[in-house]
Amino acid sequence: MKKIEVIIRPGKLEDVKAALSQYGIRGMTVSEVAGCGLQKGKKEVYRGNEYTIDLLPKVKVEIVVGQERVAELVDLLIATTRTGQIGDGKIFIYQVEDAVRIRTGERGRAALGESRR
Numbered sequence: 000m001k002k003i004e005v006i007i008r009p010g011k012l013e014d015v016k017a018a019l020s021q022y023g024i025r026g027m028t029v030s031e032v033a034g035c036g037l038q039k040g041k042k043e044v045y046r047g048n049e050y051t052i053d054l055l056p057k058v059k060v061e062i063v064v065g066q067e068r069v070a071e072l073v074d075l076l077i078a079t080t081r082t083g084q085i086g087d088g089k090i091f092i093y094q095v096e097d098a099v100r101i102r103t104g105e106r107g108r109a110a111l112g113e114s115r116r
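Position 75 of the sequence shown, counting from 1, maps to 74 under numbering that gives the first Met the number 0, and the rest follow consecutively.
Take a look at the structure:
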């Protein structure tokens with residue numbers, strides 16, 4: 000199993016949720032986060048003082064899937080979130096040793112509740 004973390008623009012969340020649902024992904028975790036990268040923030044003026052906002056609002060979506068779905072899912076996420084501008088985000092992929100559904104005690108792939116494609 001693999002965990003895919005994708006950091007995206009907040010405005011792309013609904014598109015990602017729709018694409019994942021259409022792809023058969025039923026479970027995900029979504030967090031509001033802040034970060035910086037090549038965008039390096041922006042400058043704003045408030046009451047005559049200039050401020051640099053280094054951390055920009057982003058959304059982190061976390062999904063755990065079987066290994067065989069990773070490449071196709073990454074392609075789907077790129078197609079759904081890419082604008083071609085700095086700040087589109089990043090995708091991170093991690094190995095997951097195990098998963099347990101607390102309610103039923105199911106382990107591994109059974110705990111993910113993936114619909115098969």
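Ideal Cβ placement from N, Cα and C applies to all residues, glycine included.
Quick caveat, the model's predicted, so the values are computed rather than measured.
Uninterrupted alpha helix (DSSP H) stretches at least 4 residues long and entirely within the stretch 64-113 occur at 69-80, 108-111, given in chain order. Of the residues GLU71, VAL32, GLN94, the one whose Cα lies closest to the Cα of LYS1 is GLN94. Note: VAL32 is bridge-paired with LYS57 in the DSSP secondary-structure output. Counting along the chain, LYS2 sits inside the beta strand (DSSP E) bounded by residues 1-7.
Here ARG68 is buried: its Cβ has 16 or more other Cβ atoms, across all protein chains shown, within 10 Å. Here VAL44 is bridged, per DSSP, to GLU49. Around the Cβ of ALA78, a 10 Å sphere holds fewer than 16 other Cβ atoms; the residue is exposed.
Taking the Cα of ILE7 as reference, the smallest distance to any Cα among MET27, GLY47, LYS57 is reached at LYS57. Cα atoms of LEU76 and LYS11: separation of roughly 10 angstroms, rounded to the nearest angstrom. In the DSSP assignment, LEU37 falls outside any alpha helix (DSSP H), carrying neither H nor E. If the five residues before and after GLU43 are omitted, its C-beta is found closer than 7 angstroms to the C-beta atoms of TYR50, ILE52, all from its own chain and listed in chain order.
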